[in-house]
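A.B. asks: Taking the working numbering, the leading residue of the sequence shown gets 984, the next gets one more, and so forth.
Beta carbons are placed, not taken as given, at the ideal position from N, Cα and C, and that holds for glycine.
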Amino acid sequence: MKPLTILTRLSGLWKKTALAVTLAILAGCVSVPTNEFNSYVNGFNLAKTSSQDFLLNAKLAAESIANAPANPASPTERVNKLGERRAALDARLDALELISEYNSILVSLASGADPKSVQNQIEGLRDGLSSFGFSKLAALGAKASPYTAVIAEAVSFIDDLIKKQKFKKTVQAGQKPILEILKILGEDADSVQEIQAQLVLLKRDGEETKLRKLQLRIKGLAGQYQSSPELDRSVSRYNEALSKLADSPLADNKLSNPNGAAVASQADLALVQTLVDEAAKQIETFNQYGESIQANQKVTDEYKKLLLATASAFQNLNGAIKSNQRAAIVGFIQQSLQLRQSILQLQQTKTP
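1) Quick check: the Cα distance between ASP1173 and THR1283, rounded to an integer number of angstroms?
2) Assuming LEU1072 contacts LEU1029 (C-beta within less than 8 Å), just tell me the rounded distance between them.
3) Tell me the DSSP secondary structure of ALA1245 in three-state form.
4) Report buried or exposed for GLN1179, applying the criterion of at least 16 other Cβ atoms within 10 angstroms of its Cβ.
5) Check this for me: beta carbons of LEU1092 and THR1293, under 8 Å apart or not?
6) Which of the three DSSP states is assigned to LEU1076 in this structure?
7) By alpha-carbon positions, which one of ASN1240, ALA1205, ASN1270 ends up nearest to VAL1231?
8) Does the distance between the C-beta of VAL1101 and the nearest non-hydrogen atom of the ligand GTP fall short of 7 Å?
9) Provide the residue(s) that pair with TYR1208 in DSSP beta bridges, ordered along the chain.
10) At the level of alpha carbons, what is the spacing between LEU1081 and GLU1223?
11) In chain order, what residues of the same chain lie with their CB nearer than 8 Å to the CB of GLN1104, ignoring the 5 residues before and after it?
12) Thinking PHE1297 and ILE1145 are a contact (beta carbons under 8 Å), I'd like their distance in whole angstroms, please.
13) Determine the DSSP secondary structure at ASN1070, reduced to helix, strand or coil.
14) Which one of SER1210, GLU1190, PRO1212 has the shortest CA to CA distance from LYS1264?
15) Which residue spans inside the region 1123-1194 form an unbroken alpha helix (DSSP H) run of at least 4?
16) Judging by CA-CA distance, which residue of ASP1171, ALA1096, LYS1237 is the nearest neighbour of GLN1198?
17) Report, in whole angstroms, the separation of the C-beta atoms of VAL1101 and PHE1150, which I expect to be a contact under 8 Å.
18) What is the C-beta distance between SER1113 and VAL1154, in whole angstroms, given that I count them as a contact (C-beta under 8 Å)?
19) Quick check: the Cα distance between ARG1216 and ALA1278, rounded to an integer number of angstroms?
20) Give me the Cα-Cα distance between ALA1132 and LEU1120, rounded to the nearest whole angstrom.
21) Does SER1083 come out as helix, strand or coil in the three-state DSSP assignment?
22) Excluding sequence positions up to five away, which residues of its chain have a Cβ less than 7 Å from the Cβ of GLY1116?
23) CA-CA distance, VAL1259 and ASN1025?
24) Looking at the structure shown, is ALA1296 part of a helix, part of a strand, or coil, going by DSSP?
25) Please identify the residue among LYS1186, PRO1058, LEU1182, GLU1285 whose C-alpha is closest to the C-alpha of ASP1036.
26) With distances taken from CA atoms, which of LYS1152, SER1022, LEU1182 is nearest LEU1065?
27) Keeping to the same chain, check which residues put their C-beta closer than 7 Å to that of ASP1142; ignore five residues upstream and five downstream.
28) I'd like to check one pair, LEU1290 with GLY1169: are the Cβ atoms closer than 8 Å?
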C-alpha cells in the first residue's frame, strides 16, 4: 500500500472519531479517556517526526550545495556557509527537542500526575531553555536575537518557581519561552526553504545550459534548409515543446519557418528530429525541478501552520490543566497529518 493511501485512511479515521481529537483532559483526574489522550500523543509524535524530516532534509541539501561542482562560491566560502547552516539547523533540531520536552511535561500533568513528580523534567527543561537561549539563538541569526532577553527572563522566573516548589505554576510559566521558540521557528522557516531551493536551482541551471546548447544546434541546422513537410513538423514540435518551458528566458527562442537555401537529406531531417526529441526531454527535466521547488514550498507552508497549531494546542492544554476545562486540539492533529502528507508528496514528486 502506498504511504499516501495509508494517510488517507488515517485521515478518515480522524474524522470518524471526532471525540478522539477533542481531548477531555481534567487536571488531577486519575481516569483519562485513553483513546482521546492517545490521539493527541500520536499526533504530537507525528508532528515532531515530520518536522525533524523537514530540517534533516535541509541539512542534506546544505551539504550537497557545498559539494556541488556548479556552486560558484570559493572553497573557503563553501565551508563557512556550510558551517553556518549546520549550526542553524542543529539549533532548530534542539528547539524541537525542547518543545517535545515541554509537551511531555504537559502530557504528564494532563494525565493526572502530581506536579511534584515532574520536577526533574521541569529542571531539565529549564536547563535546556537556558542553554538554547545563550548558545543556540545566535546560530539562527539576527531574526532570533530579540528573543534572547525574553527567554532569559523566563528561565530566571522558572528557576525561582522551582526553588519555591511551585511546579504547576512553573509549567505554566514555561509556556511563554516555548511559544517564543515556536514563533522563532516559524519566522525562520523560509531560511530552511531557501536551502532546498538553492540546491534545486543549481541543478536546474545545469539543465538550462544543456538546453541552450541544444537550441543553438537546432537553430543552426534548421536554418540551413528549405521548408519541407518533415522539417516543418520538427520545427512545430520544437516550438510546441518550448511553449511548455517554465520560468526560463529560453522559452522565447522559438524557430521561424525554415527558409534556407539547402535541401535537407533524410539524414539531415533525422538529425533535426533527434535533436528536437532530446530538447523536449530536456525541457521536461527542467520543469521537474520547478515542480520540486513548489513541492518544497508546500512543505514549508505546512510546517509553519503546524508550528502555529502546536502553540495553540499548548495553550489549550495549559488552560485545561489550570481550570479543569476540555481542551480542543482538533486543528493540531489535522495539521500534523497535513505536514506528513506534504512530505510524502514531495518524496513522490519526480526529480531527475
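C.D. replies: With the structure as the only source:
1) Near 7 Å, if we compare the C-alpha coordinates of THR1283 and ASP1173.
2) Rounded to whole angstroms, the Cβ separation of LEU1072 and LEU1029 is 21 Å, and the two are not in contact under 8 Å.
3) Of the three classes helix, strand and coil, the one that applies to ALA1245 here is strand, per DSSP.
4) By the beta-carbon neighbour count (other beta carbons within 10 angstroms, threshold 16), GLN1179 is buried.
5) No, the Cβ-Cβ distance between LEU1092 and THR1293 is not below 8 Å.
6) If DSSP states are grouped into helix, strand and coil, LEU1076 belongs with the helices.
7) Correcting the residue type first, residue 1231 is Ser in the shown sequence and not Val. In terms of CA proximity to SER1231, ASN1270 leads the group ASN1240, ALA1205, ASN1270.
8) The model on display carries no ligand, and the ligand GTP is accordingly not part of it.
9) DSSP lists ALA1245 as partners of TYR1208.
10) Their Cα atoms are separated by approximately 53 Å.
11) Around GLN1104: GLU1084, SER1087, ILE1088, SER1091.
12) Not really, about 20 Å apart at Cβ, beyond 8 Å.
13) As written in the sequence, residue 1070 is Ala, which differs from the Asn given in the question. DSSP, reduced to helix, strand and coil, places ALA1070 within a helical segment of the structure shown.
14) With distances taken between Cα atoms, LYS1264 lies closest to GLU1190.
15) 1130-1146, all fully within the region 1123-1194.
16) The alpha carbon of GLN1198 has as its nearest neighbour, out of ASP1171, ALA1096, LYS1237, the alpha carbon of LYS1237.
17) VAL1101 to PHE1150, Cβ: 6 Å. Contact.
18) 17 Å between Cβ atoms; not a contact.
19) ARG1216 and ALA1278 have their C-alpha atoms roughly 35 Å apart.
20) Using only the alpha carbons, I get a separation of about 11 Å.
21) It is helical.
22) THR1131, ILE1134, ALA1135, VAL1138.
23) Rounded to whole angstroms, VAL1259 to ASN1025 spans 52 Å at the Cα level.
24) For ALA1296, the secondary structure class from DSSP, reduced to helix, strand or coil, is helix.
25) Cα-wise, what sits closest to ASP1036 is GLU1285.
26) Nearest of LYS1152, SER1022, LEU1182 to LEU1065, Cα basis: LEU1182.
27) If you ignore the 5 residues before and after ASP1142, its C-beta comes within less than 7 Å of the C-beta of ARG1109, all in its own chain and listed in chain order.
28) A contact, by the Cβ cut-off of 8 Å.
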